[in-house]
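To keep things clear, I will list the structure first and then write my remarks on it.
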Amino acid sequence: MAGTRATEDLRLVQISKEFETFTAVQPMDLTVPGGSFFALLGPSGCGKTTTLRMVAGLEAPTTGRIHIGAKDITATKAYQRNVNTVFQSYALFPHMTVLENVAFGLKRKGDSAAMTKARQTLDLVQLEQVATKKPAQLSGGMQQRVALARAIVNRPDVLLLDEPLGALDLKLRRQMQIELKRIQSEVGITFIHVTHDQEEAMTMADTIAVMNKGRIEQLGDPATLYEKPASTFVANFLGQSNLLRAQITGAAVDGVMPASTHDHDVWVAADRVPDGLRDVWIGVRPEKLRLGDAGRNQIKGQVTDASFTGVATQYLVAMPWGFELMVVQQNDGSPRAGVGENVTLSWDPGHEFVLDQSQAEDAGSGLVDG
Amino acid sequence: MADLAVAPPVAAPARGPSRPVRRRRRISWVPYLLLAPGLLWLVVFFVAPMLTTLSTSLQEGDVDNGYVLTGNPDVYWQALQAYWPQIVRSLMYAGIATLLSLALGYPLAYFIASRRGRSKNILLVLVIAPFFTSFLIRTMAWQSLLASDGGLVRKTLGGVGLGWVYDDFGHLLQLLHLSPNGEILYSPWAVVWGLTYNFLPFMILPLYTSLDRLDGRLLEAAGDLYATPRQTFRHVTWPLSLPGVVSGTLLTFIPAAGDYINSRLLGNTNTVMIGQVIDSQFLRVLDYPLAAALSFLLLALIVAMVFIYVRRAGTEELV
Ligand SMILES: Nc1ncnc2c1ncn2[C@@H]1O[C@H](COP(=O)(O)OP(=O)(O)OP(=O)(O)O)[C@@H](O)[C@H]1O
Ligand SMILES: [Mg+2]
Numbered sequence: 026m027a028g029t030r031a032t033e034d035l036r037l038v039q040i041s042k043e044f045e046t047f048t049a050v051q052p053m054d055l056t057v058p059g060g061s062f063f064a065l066l067g068p069s070g071c072g073k074t075t076t077l078r079m080v081a082g083l084e085a086p087t088t089g090r091i092h093i094g095a096k097d098i099t100a101t102k103a104y105q106r107n108v109n110t111v112f113q114s115y116a117l118f119p120h121m122t123v124l125e126n127v128a129f130g131l132k133r134k135g136d137s138a139a140m141t142k143a144r145q146t147l148d149l150v151q152l153e154q155v156a157t158k159k160p161a162q163l164s165g166g167m168q169q170r171v172a173l174a175r176a177i178v179n180r181p182d183v184l185l186l187d188e189p190l191g192a193l194d195l196k197l198r199r200q201m202q203i204e205l206k207r208i209q210s211e212v213g214i215t216f217i218h219v220t221h222d223q224e225e226a227m228t229m230a231d232t233i234a235v236m237n238k239g240r241i242e243q244l245g246d247p248a249t250l251y252e253k254p255a256s257t258f259v260a261n262f263l264g265q266s267n268l269l270r271a272q273i274t275g276a277a278v279d280g281v282m283p284a285s286t287h288d289h290d291v292w293v294a295a296d297r298v299p300d301g302l303r304d305v306w307i308g309v310r311p312e313k314l315r316l317g318d319a320g321r322n323q324i325k326g327q328v329t330d331a332s333f334t335g336v337a338t339q340y341l342v343a344m345p346w347g348f349e350l351m352v353v354q355q356n357d358g359s360p361r362a363g364v365g366e367n368v369t370l371s372w373d374p375g376h377e378f379v380l381d382q383s384q385a386e387d388a389g390s391g392l393v394d395g
Numbered sequence: 091m092a093d094l095a096v097a098p099p100v101a102a103p104a105r106g107p108s109r110p111v112r113r114r115r116r117i118s119w120v121p122y123l124l125l126a127p128g129l130l131w132l133v134v135f136f137v138a139p140m141l142t143t144l145s146t147s148l149q150e151g152d153v154d155n156g157y158v159l160t161g162n163p164d165v166y167w168q169a170l171q172a173y174w175p176q177i178v179r180s181l182m183y184a185g186i187a188t189l190l191s192l193a194l195g196y197p198l199a200y201f202i203a204s205r206r207g208r209s210k211n212i213l214l215v216l217v218i219a220p221f222f223t224s225f226l227i228r229t230m231a232w233q234s235l236l237a238s239d240g241g242l243v244r245k246t247l248g249g250v251g252l253g254w255v256y257d258d259f260g261h262l263l264q265l266l267h268l269s270p271n272g273e274i275l276y277s278p279w280a281v282v283w284g285l286t287y288n289f290l291p292f293m294i295l296p297l298y299t300s301l302d303r304l305d306g307r308l309l310e311a312a313g314d315l316y317a318t319p320r321q322t323f324r325h326v327t328w329p330l331s332l333p334g335v336v337s338g339t340l341l342t343f344i345p346a347a348g349d350y351i352n353s354r355l356l357g358n359t360n361t362v363m364i365g366q367v368i369d370s371q372f373l374r375v376l377d378y379p380l381a382a383a384l385s386f387l388l389l390a391l392i393v394a395m396v397f398i399y400v401r402r403a404g405t406e407e408l409v
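Put into structure tokens, the structure is as follows:
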């Protein structure tokens with residue numbers, strides 16, 4: 026049985042789902058390495074739940090195949106798949122005790138040690154003391170852990186988590202994120218975690234797939250997605266971005282290329298510029314911009330807003346052409362600027378990312394550089 | 091069975107530190123005030139008649155010379171001795187009719203609960219449609235449906251050359267001792283069938299209510315946790331619909347056990363139910379103490395059975 030077997034990869038091949046008139050998931054290929062913590066991130070309605078339901082067997086794909094390791098499970102029923110789901114609504118059985126809930130799957134599989142294993146798993150999620158209670162007697166966070174225990178006790182090949190933390194308050198949420206991560210590394214099961222909270226995805230996942238309108242926009246580890254987003258959608262969906270309309274004006278010199286944005290000359294790292302691209306967006310994260318002239322690229326502007334957030338101060342700085350850039354400066358003792366003050370913004374080449382200008386810059390947000 | 095128990099009026103706990111005692115006093119009257127009309131109704135139309143019946147059963151005498159309250163409970167023993175077969179038969183017929191209603195009603199209620207929008211409402215209206223005519227007329231309709239000469243079923247089947255189905259069914263009933271002479275009408279079978287038909291809506295509606303409330307996501311979760319459709323039904327759907335099953339069976343069994351129309355119109359002299367006996371003792375023989383005693387016996391029996399049943403259902407022994 027489970028436990029000793031190495032976890033296997035989940036492979037989706039050209040999988041898609043159409044409802045009567047609406048394509049919820051465009052044909053997509055996706056491989057989730059066995060044992061990894063994988064996050065599916067995207068805005069509401071982009072097809073995350075639909076994708077999970079197809080993997081769980083609760084929805085039949087319109088096209089494509091689903092494999093776990095060498096096995097093709099596309100045609101199997103939900104109850105035949107070694108895949109378990111932690112539902113967003115938890116879906117705990119209200120007429121059973123917590124322990125019975127957790128033992129449910131093992132009992133259906135005819136495991137004679139169901140109760141013992143269920144108790145052990147309740148230990149793992151630190152709920153042994155409520156084993157005989159009914160789900161309705163537990164707090165939201167406890168119910169969430171019961172739902173998790175009920176799924177992982179079966180040691181599935183893949184565990185699907187559909188925004189399981191959505192209903193929790195911020196503090197409990199952070200706590201559960203850490204706990205989920207701990208449990209995942211303890212049991213070594215493949216986790217596919219659906220969320221529309223980009224911070225949650227980045228703190229927890231080894232690999233993130235960013236979904237938009239039924240397709241995967243980009244797949245990679247959190248740092249790559251953040252530092253080198255492949256599209257304006259990803260750039261705006263993961264964190265904040267300042268996107269400057271610019272043209273590449275020359276060839277690479279010493280690893281940097283000259284560019285011009287609204288008649289200001291700047292340098293960009295040559296390896297960040299896709300081959301042959303001329304009209305580009307130059308993206309700079311707010312924390313990469315500095316007040317002052319320490320960086321090589323410099324633009325003057327005027328502070329229009331400053332908000333103090335504790336560890337940092339967040340500024341809006343209006344450019345000469347009217348566009349406002351967001352700047353986040355650590356409160357490390359350096360002087361703070363006031364509203365109305367004229368400042369120089371600077372950053373170093375290599376701290377930007379460069380995208381094709383033919384993409385809408387406001388995909389995933391509302392900022393527009395005129 | 092929390093769903094069936096009458097919740098005691100609970101006063102909302104007073105919030106906040108200021109004047110907690112006075113607030114609680116004031117609020118705790120509200121539930122009783124709201125209950126007052128209902129309680130008054132119960133006293134006038136339930137408790138009072140019960141007490142009258144009880145006192146009637148303890149009277150002695152005869153119609154011509156009048157009855158006087160003597161408090162002699164012997165009549166209960168006599169009633170039991172004389173009419174125990176009718177009592178047992180009533181409980182048995184009602185029990186079978188209840189099980190039949192459950193078997194027919196559960197799939198129907200499940201089907202209706204799984205429909206969406208308009209078709210659901212139409213089906214629900216169809217379930218209660220029989221109530222648009224009176225109980226008596228509906229039962230008499232079964233007389234003309236089932237009759238062997240000139241009955242609609244026999245005629246229709248005969249018209250398409252299937253008359254033998256009707257006859258064979260009669261013979262089958264006779265073989266099973268469910269009909270004295272091979273007749274379908276005026277047989278125990280017809281009585282049970284009539285009871286089932288008449289009380290089926292009382293089974294379907296509570297079943298529908300609890301199945302309609304059933305969260306479809308729980309069924310998905312069961313499937314996700316390796317339960318086959320059959321296991322999902324056994325471990326999730328059925329236990330969660332138990333409140334509906336309990337209310338439905340009670341709403342069917344209780345009136346069916348006391349019914350006297352079906353056994354009179356669809357049965358024969360060997361299918362007499364206790365309701366029929368009470369009816370004729372009260373209205374024809376005019377032996378009021380005996381009739382009252384029988385009423386009380388029936389009531390006590392049903393209450394005892396219901397009590398045991400609900401207790402067992404509450405401890406999940408029925409699952
Ligand atoms: N059964 C269905 N019939 C028709 N359309 C559906 C059905 N289920 C989902 N959809 C549509 O498919 C799209 C994707 O839905 P899905 O539930 O996968 O989104 P999601 O990414 O999980 O969103 P959220 O973050 O809000 O949960 C939505 O536009 C939704 O309206
Ligand atoms: Mg969803």
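The listed protein sequences derive, respectively, from chains G and P.
Quick note on the working numbering: the first sequence kicks off at 26 and runs consecutively.
Quick note on the working numbering: the second sequence kicks off at 91 and runs consecutively.
Heads up, the beta-carbon is just placed ideally off N, CA and C, and yes, glycines get one too.
Ligand 1 approaches S69/G closely enough that one of its heavy atoms is under 7 Å from the residue's Cβ. Secondary structure note for G135/G: it is in no alpha helix (DSSP H), with a DSSP letter that is neither H nor E.
Rounded to the nearest whole angstrom, the CA to CA distance from T110/G to A284/G is 49 Å. Using a Cβ-Cβ cut-off of 8 Å, G317/G does not count as an interface residue toward chain P, since no Cβ of chain P sits closer than that to its own.
Listed in chain order, the beta strand (DSSP E) elements of length 3 or more contained wholly in the segment 255-320 of chain G are 267-273, 281-286, 289-294 and 304-309. Taking G326/G as reference, the option from Q339/G, Y340/G and M344/G with the minimal CA-CA separation is M344/G.
If you draw a 10 Å sphere on the C-beta of I217/G, you find 16 or more other C-beta atoms in it, and that means buried.
Contact annotation, A230/G with F62/G: C-beta distance approximately 5 Å; criterion of less than 8 Å satisfied. Beta bridge pairing from DSSP links V133/P with no other residue. Checking the DSSP bridge columns, you'll see I91/G partnered with L37/G. Residue environment: Y298/P is assigned as buried (16 or more neighbouring CB atoms within 10 Å of its CB, all protein chains considered). Taking each of V212/G, Q168/G and S210/G in turn and checking the Cα distance to L193/G, the smallest one comes out for Q168/G. The Cβ atoms of V342/G and V368/G lie closer than 8 Å to each other. Scanning its chain for C-beta atoms nearer than 6 Å, with the 5 sequence neighbours on each side dropped, one finds around L314/G the residues V352, L370 and W372, in chain order. In chain order, D314 make up the part of chain P whose C-beta sits under 7 Å from the C-beta of T110/G. Every alpha helix (DSSP H) stretch that sits fully inside the segment 223-296 of chain P and reaches 4 residues is listed by chain position as 225-236, 242-249 and 253-265. For secondary structure counted as the alpha helix (DSSP H) over 4 or more consecutive residues, the segment 209-235 of chain G holds these complete runs in sequence order: 223-229. Of the heavy atoms belonging to ligand 2, none sits nearer than 7 Å to the Cβ of E225/G. Proximity of the beta carbon of G72/G to ligand 1 is indicated: a heavy atom of the ligand is located closer than 7 Å.
One finds Y316 in chain P with Cβ atoms closer than 7 Å to the Cβ of K134/G, taken in chain order. Scanning its chain for C-beta atoms nearer than 7 Å, with the 5 sequence neighbours on each side dropped, one finds around G195/P the residues L290, M293, I294, L297 and G338, in chain order. Closer than 9 Å at the C-beta level to chain P, one finds these residues of the segment 93-105 of chain G: K102, A103, Y104 and Q105.
N358/P and S277/P have their C-alpha atoms spaced approximately 6 Å apart.
For T157/G, the Cβ stays outside the 7 Å cut-off from all heavy atoms of ligand 1.
Chain G places no beta carbon closer than 8 Å to that of V178/P, leaving this residue out of the contacts. For R307/P, the nearest beta carbon of chain G is closer than 8 Å to its own beta carbon. Per DSSP, the unbroken beta strand (DSSP E) holding L55/G starts and ends at F47 to V57.
In the DSSP annotation of this structure, the continuous segment of the alpha helix (DSSP H) that includes G334/P starts and ends at W328 to G348. DSSP places M351/G inside the beta strand (DSSP E), whose first and last residues are E349 to Q355.
The three-state secondary structure of R307/P, taken from DSSP, is helix. E84/G sits in coil when the DSSP states are folded into three classes, being neither helix nor strand.
Put simply, the segment 376-394 of chain P touches the segment 345-364 of chain P. At least three CB pairs are less than 8 Å apart.
The CB of L83/G comes closer than 8 Å to the CB of E310, G313 and D314 in chain P, given here in chain order. Contact between S300/P and P333/P holds: CB atoms are separated by about 5 Å, below the 8 Å threshold. Boundaries of the alpha helix (DSSP H) harbouring L213/P: G207 to I218, taken from the DSSP string. Here the alpha carbon of L235/P sits roughly 58 Å from the alpha carbon of I91/G.
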